[in-house]
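Chains as they are written, first to last, in my numbering: chain A, 7 to 356; chain B, 766 to 1044.
See structure below.
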């Protein structure tokens, strides 16, 4: 009898817990990946403050978000998206975004926002080396300090990076590494040679987020957004972030409003909030670099790696070539094609 | 009764016919809504890469499905004869359905990945790391597939095995057939068709499976992954649709071929069986 009473109280208890949640309004926004850039904290804080909860984990990845918005153009399901800015440029060209000038847009540098308001940066991050010190120590290896190190036999098969065909951050890295290693806007051979050699050394382009894999030691070394590595460290994983000697690729991440957003006003308020000091501080606490640099607490600033040799990327050019570059990447790196032949065919070999 | 039929028609129409019609329509459209075109099909069918991937996927899925069907026989027999623990075994097999492809892929990585349980045990016991990252090899991928194929094959087979006529077995025993003879000459002919049907069902299910491949396939270009990449990575919706239609046609063709094959072999085994028994 007692057991039955306990059991029968479970649905009621669940209901009580579910009630406050059902009173909340849900605000669908694409590509807010909970474990990336502190989105779970951002979403929670916004829900607590306003009773409107931005969705986490709808369409993970900048490219999947864009495809979804294209497919749903006739009847938009999401109010907007978070993505890397090159994809945002593409999205504007595809006509799936709409113009909005959020409050606080003045703090965003001119090259990091669309003059018409179709996209704007809210933060940036740098792709650096993450190392799991415990795994390296067990193998008697020193931590790598450069991109060149990752091609050495001692690190064979130990490195993981996200797959640039779905991850916006990884696709910016695929584009940017070329400029770090001496390539130009018309000659992508230096970057592609390195990417190919990286794969030929048994290293991997993964389809899952690599930070959790680094934390558990599945990957001994990663190429990842610095914040993801530092957050794992905060959570007790034996990892550290290392700035590669040759230079660094920075990734700008931003927001767009969807054309025909079903909850336009609510979404605009959320976009305003994201550029405000509260959200910007939360972003900084996830070790991403908010566009309001002064929003970052001092202890966070101290913990961030010092970036030397960051390359300046032309977002418009990146948007223009990134799709072609992904095709070339698949042919050369995944399928083992010849760098010169393939890039010449795509007219990216100088 | 008519209301049930109506519901059935609605479900089939809504969940199968409509999406398939949409897929087919998309596959003939030019990007951006231009005129109807065969171009996406021609592109895929004239590409060595896509065809190679399709062939490799078919081969890989058939091979693993065949192996899974064979591996499933002992377990299926155990369940069919309701020996002790068979309901537990059945439950374990059914639990397999609870895992989506990606979750299952993650399980395999946890077991056989770079920091997998197996490789950690190996390093602890022998100080070596032969099994590190095994999951990313073709063998590792096969283990990943077998892991979800075998339990499902066992459930399907068990159903068929329950229907094996015990009287025939008894008769064979009375006539002095050994255990091996009884299995080869009585049971096997009766389950030949279920075996084939199981193999087919599993092969087709594997052709559509993609979560496991997404996480661990490195050596084989699994076709569903290529479709996914066209779709989400490049936004080539029409080409992805054409690839989907091609994959579906391949599966249906396989099914038709196999049905014909089993139809005739079924007849043959029956004749063989009756002649043996009458001897």
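All C-beta atoms, glycine included, are put in the ideal place defined by N, C-alpha and C.
Asked                                                                                                                                                                                          : Found
Specify the secondary structure class of residue 183 of chain A as computed by DSSP and reduced to three states.                                                                               : helix
Rounded to a whole number of angstroms, what is the C-alpha to C-alpha distance between residue 901 of chain B and residue 228 of chain A?                                                     : 17 Å
Going along the chain, which residues of its own chain have a beta-carbon closer than 7 Å to the beta-carbon of residue 295 of chain A, five neighbours each way excluded?                     : 129, 130 and 131
For residue 889 of chain B, count neighbouring C-beta atoms within 10 Å of its own C-beta (all shown protein chains included) and say buried if the count is 16 or more, exposed if not.       : exposed
Hey, residue 968 of chain B and residue 830 of chain B are a contact pair by Cβ (cut 8 Å); roughly how many whole angstroms apart?                                                             : 4 Å
Report yes or no: do the stretch 973-988 of chain B and the stretch 937-951 of chain B share at least 3 C-beta pairs separated by less than 8 Å?                                               : no
Going by CA-CA distance only, name the one from A:233, A:225, A:166 and A:332 that's closest to residue 293 of chain A.                                                                        : A:233
Under the rule that 16 or more other beta-carbon atoms within 10 Å means buried, what is residue 963 of chain B, buried or exposed?                                                            : buried
Can you find a C-beta in chain B that's less than 8 Å from the C-beta of residue 156 of chain A?                                                                                               : no
Please state whether the Cβ-Cβ distance between residue 172 of chain A and residue 67 of chain A is less than 8 Å.                                                                             : yes
Using the DSSP secondary-structure output, state which residues sit across from residue 323 of chain A in a beta bridge.                                                                       : Answer is none; residue 323 of chain A lacks a bridge partner.
Give me, in chain order, the residues of the same chain whose beta-carbon lies closer than 6 Å to that of residue 825 of chain B; leave out the 5 immediate sequence neighbours on both sides. : 985
Could you spell out where the alpha helix (DSSP H) holding residue 827 of chain B opens and where it closes?                                                                                   : 813-845
Identify which residue in A:281, A:337, A:165 and A:254 has its Cα closest to the Cα of residue 178 of chain A.                                                                                : A:254
Could you have a look at residue 124 of chain A and say whether DSSP puts it in helix, strand or coil?                                                                                         : coil
Using the beta-carbon count (16 or more within 10 Å), is residue 995 of chain B buried or exposed?                                                                                             : buried
How about residue 351 of chain A: is its C-beta nearer than 8 Å to some C-beta of chain E?                                                                                                     : Looking for chain E here will not work: the only protein chains present are A and B.
Can you have a look at residue 822 of chain B and say buried or exposed, based on whether 16 or more other CB atoms are within 10 angstroms of its CB?                                         : buried
With respect to the beta strand (DSSP E) encompassing residue 4 of chain A, which residues constitute its N-terminal and C-terminal limits?                                                    : Past the edges of chain A, shown from 7 to 356, lies residue 4 of chain A, and the structure says nothing about it.
Are the stretch 144-151 of chain A and the stretch 248-268 of chain A touching by the rule of at least three beta carbon pairs closer than 8 Å?                                                : yes
Looking at C-alpha atoms only, which residue of A:306, A:264, A:327 and A:211 is the closest neighbour of residue 383 of chain A?                                                              : Outside the shown range of chain A, which is 7 to 356, sits residue 383 of chain A, and nothing can be said about it.
Which residues in the same chain as residue 867 of chain B place their Cβ atom closer than 7 Å to its Cβ, once the five residues preceding and following it in sequence are excluded?          : 976, 979 and 980
If I measure Cβ to Cβ from residue 70 of chain A and keep anything under 7 Å in the same chain, skipping five residues before and after, which residues do I get?                              : 172
Would you mind working out which of A:31, A:220 and A:262 sits nearest residue 139 of chain A, comparing C-alpha positions?                                                                    : A:220
In the stretch 279-331 of chain A, which residue ranges form an unbroken alpha helix (DSSP H) of at least 4 residues, counting only runs that do not cross its ends?                           : 283-291 and 304-309
According to the neighbour-count rule (16 or more other Cβ atoms, all chains shown, within 10 Å of its Cβ), is residue 800 of chain B buried or exposed?                                       : exposed
Distance cutoff 8 Å, beta carbons only. Does residue 214 of chain A sit that close to anything in chain B?                                                                                     : yes
So, does the stretch 271-284 of chain A touch the stretch 105-120 of chain A, judging by three or more C-beta pairs under 8 Å?                                                                 : yes
For residue 354 of chain A versus residue 334 of chain A, is the C-beta spacing smaller than 8 Å?                                                                                              : yes
Round the Cβ separation of residue 136 of chain A and residue 245 of chain A to the nearest angstrom and send it over; I've been treating them as touching at under 8 Å.                       : 6 Å
Mind checking if residue 880 of chain B is an interface residue toward chain A, Cβ cutoff 8 Å exclusive?                                                                                       : yes
Counting pairs of beta carbons, one from the stretch 1001-1010 of chain B and one from the stretch 1018-1025 of chain B, are three or more of them closer than 8 Å?                            : no
Under 8 Å between beta-carbons, which chain A residues line up against residue 1002 of chain B? List them in chain order, please.                                                              : 73, 76 and 77
To the nearest angstrom, how far is the alpha carbon of residue 59 of chain A from that of residue 51 of chain A?                                                                              : 9 Å
What are the boundary residues of the alpha helix (DSSP H) that residue 911 of chain B is part of?                                                                                             : 903-926
At a CB-CB cut-off below 8 Å, which residues of chain B make contact with residue 332 of chain A?                                                                                              : 998 and 999
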